[in-house]
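Residue numbering for the sequence shown follows the numbering used here, starting at 457 and increasing by one per position.
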Amino acid sequence: MAKKSFPLSKVYSLLEPGPVVMVTTARGGRSNIMTMSWHTMMEFEPPTVGCVISTSNHSFGLLKATKECVINIPTVEIAEKVVGCGNTSGADVEKFERFCLTPKPAVRVGAPLIEECFASLECRVADASMVSTYCLFVLEVIKAWVDPAVKNPRTLHHLGRGNFMVAGEKIKLKSKMK
Ligand SMILES: Cc1cc2nc3c(=O)[nH]c(=O)nc-3n(C[C@H](O)[C@H](O)[C@H](O)COP(=O)(O)O)c2cc1C
């Protein structure tokens, strides 16, 4: 392959880790939603997820204080709402209302599930030791919800600068990985 030099500032767009998700947090009777693409699985069981959440986001303070959140996984059908939640701050906007999304009570945490997402993962902060250095929250999933009717979820994958890939095609190959 005829590869050319690639700017370091764009490397993130090659290693985009997984579906764009919507992180919900709640405190004092108010809920918030933030869009997030920088996350990674770290362990099978208990399911452990590393998430980078900038200090400039309203969600940062909410997650740091409450130590719990829900990772909601949207599909392309609500792409505009996903981007909307990533371009506005919960400091100014009540995002459930603004983007016509529906909060549903979680079972194990105070933050709500988003009804319009096909999967929701209730999480608590397992390790905050890298928050001050990398804004990296290590989360443990303590309860997971999935709509079994959604067979091949058309999730969004962020390529940077407003570009997304849409997943949805499933192929099966022999693999040693679980
Ligand atoms: C596609 C997309 C992906 C994003 N990924 C992240 C991310 O991984 N980490 C982060 O801190 N902010 C990320 N953002 C930015 C936040 O969603 C954005 O700053 C948002 O306004 C924060 O909301 P809040 O202030 O209500 O918490 C992303 C935004 C978009 C549109």
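Beta carbons: idealized from backbone N, C-alpha and C, even for Gly.
Three-state class that DSSP yields for residue i in the structure shown
| i | result |
| --- | --- |
| residue 521 | helix |
| residue 555 | coil |
| residue 625 | coil |
| residue 516 | helix |
| residue 533 | helix |
| residue 465 | helix |
| residue 483 | strand |
| residue 601 | strand |
| residue 509 | coil |
| residue 476 | coil |
| residue 488 | strand |
| residue 618 | coil |
| residue 528 | strand |
task = Check whether the stretch 507-517 touches the stretch 625-634, taking contact to mean three or more Cβ pairs, one atom from each stretch, closer than 8 Å.
result = As far as the Cβ criterion goes, the stretch 507-517 does not touch the stretch 625-634, which means the pair count is below three.
task = Give, in chain order, every unbroken run of the beta strand (DSSP E) that is at least 3 residues long and sits entirely within the stretch 535-595.
result = The stretch 535-595 contains these whole beta strand (DSSP E) runs: 575-583.
ask   = Are the stretch 498-510 and the stretch 543-561 touching, with three or more C-beta to C-beta distances below 8 Å?
value = Contact between the stretch 498-510 and the stretch 543-561 is absent, with fewer than three C-beta pairs closer than 8 Å.
ask   = Touching or not, the stretch 472-490 and the stretch 528-545, by the rule of three or more beta carbon pairs under 8 Å?
value = In this structure the stretch 472-490 touches the stretch 528-545; the number of beta carbon pairs closer than 8 Å is three or more.
ask   = Can at least three beta-carbon pairs, one atom from the stretch 462-472 and one from the stretch 519-529, be found at a separation below 8 Å?
value = Below 8 Å, too few C-beta pairs join the stretch 462-472 and the stretch 519-529 to call them touching: fewer than three.
query = Any chance the stretch 613-622 sits against the stretch 590-600, with 3 or more Cβ pairs inside 8 Å?
reply = No contact exists between the stretch 613-622 and the stretch 590-600.
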